[in-house]
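Student: A single structure is presented below for examination.
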Amino acid sequence: MFAVLLLACTPTALEDDSGPAGTGDDSAAPVVWPALFINEFMASNRSTLQDGTGAWPDWVELYNPGDVDVDLDGWTMTDTLEDPDQHRLEALTVPAAGFLVLFADSDPEEGPDHLDFSLASEGEALGLFAPDGQPLQQIRFDTQVTDHSAARETDGGELWVITDAPTPGGSNTP
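Position in the sequence shown counted from 1, then plus 1119, gives you our numbering.
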C-alpha cells in the first residue's frame, strides 16, 4: 500500500491499494483479467456533469488501456471495500483504449450506468472487483472539493492529482 499526496491547494490525500491489474494471490492458476482503472472520480458534483435526468450526481470514470473492449457483466463496484458485491455491473462495456463514466447516485433504476451508492465528499473508499471477486482497484480518498475531480495525472498512471478541469469520459493526458 502506498499513499499519494494529491497535488492541489487543499490538503487532500489518496491511497491506492491496488496491485497491478489482473494479478491475484490464488494458489491455482489465477485468472488474468484485462487491465481496467478507476481513472477519475468526483464526489461533489454540482455543475460538471449532468446525467440523463438533469441531475448532477457524483461520478466515476473507468479507463481501458487495452486494444479490445471489456464487457463489465459480473464486475462489481463498491464504496465499502468490505462489501465488494455492493453493485454488480451489467450491460456495460468499456471500449478499447476508451472510457466509461458511471453515475454514483444510489439510483440503479436510472440505468446500468447508475451505481447503487453515492460518494461521500468527506472521503471514503472506492473499489473495482473482477467477476471472481479479485480486487483490481481499491482507492481511499479524503475530503473532496465541489466540482474538482481526483484524476490520474496520466490515464492509468500511478500519480493522482486534484483538478478544477475534470475530463469525464475523456483523457486526463493533455
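Every residue, glycine too, gets a C-beta built ideally from N, C-alpha and C. Please read all numbers here as calculations on a predicted model, not as lab measurements.
My output table needs one value for residue 1149: the three-state DSSP class, helix, strand or coil.
Tutor: It is coil, neither helix nor strand.
Student: Going by the beta-carbon positions, is the gap between residue 1161 and residue 1254 smaller than 8 Å?
Tutor: Their beta carbons are not under 8 Å apart, which means residue 1161 does not touch residue 1254 by this criterion.
Student: Rounded to whole angstroms, what's the CA-CA distance from residue 1200 to residue 1280? Just pull it up for me.
Tutor: Going from the Cα of residue 1200 to the Cα of residue 1280 covers about 22 Å.
Student: Just the C-alpha distance for residue 1163 and residue 1243, rounded to the nearest angstrom, thanks.
Tutor: Going from the Cα of residue 1163 to the Cα of residue 1243 covers about 13 Å.
Student: Could you give the DSSP three-state label for residue 1227: helix, strand or coil?
Tutor: In the structure shown, residue 1227 sits in a helix (DSSP, three-state: H, G or I).
Student: Under three-state DSSP, which class holds residue 1183?
Tutor: Looking at residue 1183 - three-state DSSP - the assignment turns out to be strand.
Student: Mind reading off the beta-carbon distance from residue 1177 to residue 1237? Whole number of angstroms is fine, and I expect it under 8 Å.
Tutor: Indeed they touch by this definition, with Cβ atoms about 5 Å apart.
Student: Could you give the DSSP three-state label for residue 1158: helix, strand or coil?
Tutor: Strand.
Student: DSSP three-state label for residue 1267, please.
Tutor: DSSP places residue 1267 in coil when its eight states are reduced to three.
Student: Counting only the same chain and skipping the five closest in sequence on each side, list residues whose C-beta sits under 8 Å from that of residue 1216.
Tutor: The answer, listed in chain order, is 1183, 1184, 1185, 1186.
Student: Just curious, the beta strand (DSSP E) that residue 1236 is in, first and last residue?
Tutor: It is not in any beta strand (DSSP E) - residue 1236 carries neither H nor E in the DSSP assignment.
Student: Buried or exposed for residue 1173, going by 16 or more other Cβ atoms inside 10 Å?
Tutor: Per the 10 Å Cβ criterion, exposed.
Student: Could you have a look at residue 1244 and say whether DSSP puts it in helix, strand or coil?
Tutor: If DSSP states are grouped into helix, strand and coil, residue 1244 belongs with the strands.
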